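Since the structure comes first, as structure tokens, the remarks are kept for the end.
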Amino acid sequence: MTGKWRPSLGFVIGGALTGTLVLSLIGLVALRYLGPEIGFRQAAVVLAILIAIITAVPGWLLVRLLVRPIYELESYAKGQEAGQNPPAPQHFGTKEIDATARGVITMAEALRDRETTIRAYTDHVTHELKTPVSAIRAATELLEDNPNLSSEDRVLVAQIDGARRQLELQLSALRNAAQARETRYLGHCTLEDLAEDLHAQNPKMAIKITGGDTALPIAPEGLHIVLTQLLGNAQEHGADKVTLVADRNYVLVEDNGQGVSKGNASRIFEPFFTTKRDSGGTGMGLSVARNILQAHRGDLHLEPNPNGARFKITFGG
101 MTGKWRPSLG FVIGGALTGT LVLSLIGLVA LRYLGPEIGF RQAAVVLAIL IAIITAVPGW
161 LLVRLLVRPI YELESYAKGQ EAGQNPPAPQ HFGTKEIDAT ARGVITMAEA LRDRETTIRA
221 YTDHVTHELK TPVSAIRAAT ELLEDNPNLS SEDRVLVAQI DGARRQLELQ LSALRNAAQA
281 RETRYLGHCT LEDLAEDLHA QNPKMAIKIT GGDTALPIAP EGLHIVLTQL LGNAQEHGAD
341 KVTLVADRNY VLVEDNGQGV SKGNASRIFE PFFTTKRDSG GTGMGLSVAR NILQAHRGDL
401 HLEPNPNGAR FKITFGG
């Protein structure tokens with residue numbers, strides 16, 4: 101984008117309308133005087149050709165100053181959404197479109213750089229910790245094979261190995277969280293599309309679905325990950341009944357389990373926060389689910405519920 105002078109949107113549209121009006125009036129006047137000389141039919145044909153030629157000029161300007169910049173910006177936005185990293189458009193017509201385009205491009209580049217930084221940091225951390233974690237695994241295996249190891253030492257080795265497994269789980273969860281920010285599940289689905297899999301994965305849980313034929317703006321794979329996480333959490337907290345209610349822009353997930361305590365309610369979406377760390381919990385499940393929804397202009401909220409937990413999945417529309 102260059103810093104050259106650009107007309108305002110009002111000037112372009114107003115000039116085009118004014119030019120069209122003036123040209124029509126000139127045509128009427130010319131027809132009145134030219135008709136008696138060469139005949140009204142021939143005069144009308146000549147004037148129509150001239151008006152079409154002259155009108156093509158403001159038409160070309162409208163295409164160049166309005167239509168083409170809008171299409172280029174739309175193409176750029178779609179390319180960014182698809183992760184193709186397209187080059188920024190170079191042609192913008194009016195001041196308003198130029199300002200809007202600059203804002204869109206700056207925002208898209210900032211978001212792309214932020215996601216790249218997160219991915220690079222995640223890859224760096226997991227790569228750097230992979231070697232020491234592998235060394236800890238090898239060391240614990242050698243120590244466990246030592247027949248002269250005392251019972252107290254074996255307990256200590258088991259604790260070290262448990263810490264190693266927890267570290268591996270956290271690294272895997274960190275990679276999954278970063279991937280959830282980038283993966284897009286574009287499409288539509290209904291709860292009925294997922295009902296069979298959800299029942300099969302949770303045979304001990306009664307799942308009631310309302311609004312199962314409501315179209316939701318996310319592909320089945322994405323919603324399946326979110327619901328699997330919520331149903332798994334419900335089962336871990338003692339729930340044996342879950343109700344799913346779908347509307348056009350949201351899904352309510354309500355269970356009859358222990359619910360979420362007031363002290364933990366404000367922290368459950370924080371990465372690595374978990375009340376099940378001793379049993380292998382990583383604290384990344386709800387964070388990953390929220391990242392997936394936010395990548396689709398949605399979100400995940402915990403709502404007050406006197407009996408069990410209630411989560412609301414919202415969509416941007």
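Numbering (the numbering used here), first residue to last: 101 to 417.
Beta carbons: idealized from backbone N, C-alpha and C, even for Gly.
This one's a predicted model, so the numbers in the text were calculated from it and none came from an experiment.
Closest by C-alpha distance to Gln335, out of Ala188, Leu298, Pro404 and Asp313, is Leu298. In the DSSP secondary-structure assignment, Val351 is bridged to Ala346 and Ile413. When Arg164, Glu354, Leu316 and Ala199 are compared, the shortest CA-CA separation from Arg397 is found for Leu316. A distance of 9 Å or more separates the beta carbons of Leu402 and Val345. In the three-state DSSP reduction, Glu370 falls in the coil class, being neither helix nor strand. When the beta-carbon positions are compared, Leu173 and Ala201 come within less than 9 Å of each other. CA-to-CA, the gap between Gly311 and Thr343 works out to about 11 Å. Contact between Val353 and Leu330 holds, since their C-beta atoms are separated by about 5 Å, short of 8 Å. Where Lys308 is concerned, there is no enclosing alpha helix (DSSP H), although the beta strand (DSSP E) around it starts and stops at Ala306 to Thr310.
The C-beta distance from Thr240 to Ile260 rounds to 6 Å, short enough to meet the 8 Å contact threshold. By the Cβ neighbour-count rule, Gln190 is exposed, with fewer than 16 other Cβ atoms within 10 Å of its own. In the structure shown, the three-state DSSP call for Asp253 is helix. With a 10 Å radius around the Cβ and a threshold of 16 neighbouring Cβ atoms, Met207 comes out exposed. Residue state for His288 is assigned as coil, using DSSP reduced to three classes. Following the DSSP letters along the chain, one finds His401 inside the beta strand (DSSP E) bounded by residues Asp399 to Glu403. Closest in C-alpha terms to Val146, from the list Gly363, Ala130 and Glu321, comes Ala130. When the Cα atoms are used, Asp347 and Phe415 turn out to be separated by approximately 10 Å. By the beta-carbon neighbour count (other beta carbons within 10 angstroms, threshold 16), Tyr171 is exposed. The bridge partners DSSP lists for Lys341 are Ala306. Residue environment: Ser387 is assigned as buried (16 or more neighbouring CB atoms within 10 Å of its CB, all protein chains considered). In this structure, the straight-line span from the alpha carbon of Ile318 to that of Ala300 is close to 22 Å. Distance from the Cα of Gly385 is smallest, within the candidate group Leu286, Leu291, Gln270 and Ser175, for Gln270. Distances from the CA of Tyr350 to each of Thr314, Ile325, Gly332 and Glu321 were compared; the closest alpha carbon is that of Thr314.
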